[in-house]
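Counting from 1049, one number per residue, gives the positions in the sequence shown under our numbering. Glycine residues also receive a C-beta, built at the ideal position from the N, C-alpha and C atoms. The structure presented is a predicted model; accordingly, all values stated were derived computationally and were not measured. Each remark here refers to the structure printed beneath this line.
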Amino acid sequence: VVHARGASAKGFFEVTHDISHLTCADFLRAPGVQTPLIIRFSTVIHERGSPETLRDPRGFAVKFYTREGNFDMVGNNFPVFFIRDGMKFPDMVHALKPNPKSHIQENWRIMDFFSHHPESLHMFTFLFDDIGIPQDYRHMDGSGVHTYTLINKAGKATYVKFHWKPTCGVKNLLEDEAVRVGGANHSHATQDLYDSIAAGSYPEWKLFIQIMDPADEDRFDFDPLDVTKTWPEDIFPLQPVGRMVLNKNIDNFFAENEQLAFCPSIIVPGIYYSDDKLLQTRIFSYSDTQRHRLGPNYLQLPANAPKCAH
């Protein structure tokens, strides 16, 4: 199991800039439109009771309850990933997880795997940079990671990447700070998120997009659909779309955190997949594991069911 350790919150997404020329998605139809959502932040590798100060990517998954059904944006706090081939994902997780004999995480097993996958170096530069240990969930970026496709009313397709930027800025912990904070409270990020919302200090993120004409896909010296690469912001500038505000804590940890199921295949009209190979794998693998974890009717659970069936 990955992303076992996490915290959820509810809120809304509000469109601030018109992108109706790019997509016919109803929840992005005009500035001022608000859509309820639930978000789950998480660590990736470590188990449910582990400290939230460990050096690990952070999950950043948002479920929009739109009028056309749900849209899941299942991302991380980094804009890239370790591998580009989904078939290698189980082996990667086995390398990162504890030894099945001793239940101890071993760095040599991690390095042994990634030494055969040089494309992972980009992700490692993020992981071992200062942002490798976020101060808490409120002060970290989010990213859709993959390339998606926006489709407008005329049927024109546009490649897109999604980026979340916290309005309160990005803050991180140094190694010695992480040891001190994690030693005092292993749930510090969960508590920070809960207490901030309870006190009325609502966390907020701005949503930005980068867009590309699919006809230009082969004109660059990198593959825009390669999840181990970023799109240069000087060529593809960030364009504002809206804001996300988390203004309500969850009412039941089990029903709205443990039973939450995000899946990249859950989309709405106006937003579609791309030929990103890792995304193509995630489209079917997430629903497989959720049927195993929650049962065949997991999409009928209150947290996962659409508020307005399309």
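Can you list, in chain order, the residues of its chain whose CB lies under 6 Å from that of residue i, leaving out five sequence neighbours each side?
i, result
"PRO1146", "ILE1152, GLN1153"
"GLY1318", "THR1071, CYS1072, ALA1073, ILE1199"
"ALA1237", "GLU1100, ASP1184, TYR1185"
"TYR1242", "ASN1297"
Which same chain residues end up closer than 7 Å to residue i when comparing Cβ atoms and leaving out the 5 residues on each side of it in sequence?
i, result
"ARG1132", "GLU1167, ASP1274, VAL1275, THR1276, LYS1325, LEU1326"
"ASN1124", "PRO1105, ARG1106, GLY1107, PHE1108, SER1191, VAL1193"
Which of helix, strand or coil does DSSP assign to residue i?
i, result
"PHE1174", "helix"
"GLY1217", "coil"
"GLY1374", "Any property of residue 1374 remains undetermined from this structure, which presents the chain solely from 1049 to 1358."
"VAL1289", "strand"
"SER1090", "strand"
"LYS1111", "strand"
"TYR1362", "In this structure the chain extends from 1049 to 1358, so residue 1362 is not present and cannot be described."
"PRO1166", "helix"
"ARG1186", "coil"
"ILE1314", "coil"
"VAL1275", "coil"
"PHE1129", "coil"
Are the CB atoms of residue j and residue i within a distance shorter than 8 Å?
i, j, result
"PHE1310", "ALA1109", "yes"
"GLU1304", "ILE1298", "yes"
"VAL1218", "GLU1252", "no"
"ALA1078", "SER1068", "yes"
"THR1206", "ASP1160", "no"
"THR1329", "PHE1137", "yes"
"TYR1321", "ILE1331", "yes"
"LEU1255", "ARG1291", "yes"
"GLY1059", "ASN1295", "yes"
"TYR1196", "PRO1354", "no"
On the DSSP letters alone, give me the boundaries of the beta strand (DSSP E) that residue i sits inside.
i, result
"ASP1120", "1117 to 1124"
"GLN1258", "1252 to 1260"
"ILE1199", "1196 to 1199"
What residue range is occupied by the uninterrupted alpha helix (DSSP H) comprising residue i?
i, result
"TYR1242", "1236 to 1246"
"ILE1331", "1325 to 1342"
"LEU1144", "1137 to 1144"
Note down, in chain order, each residue of its chain lying with its Cβ closer than 8 Å to the Cβ of residue i, except the 5 sequence neighbours on either side.
i, result
"GLY1230", "PRO1099, GLU1100, THR1101, LEU1102, HIS1236"
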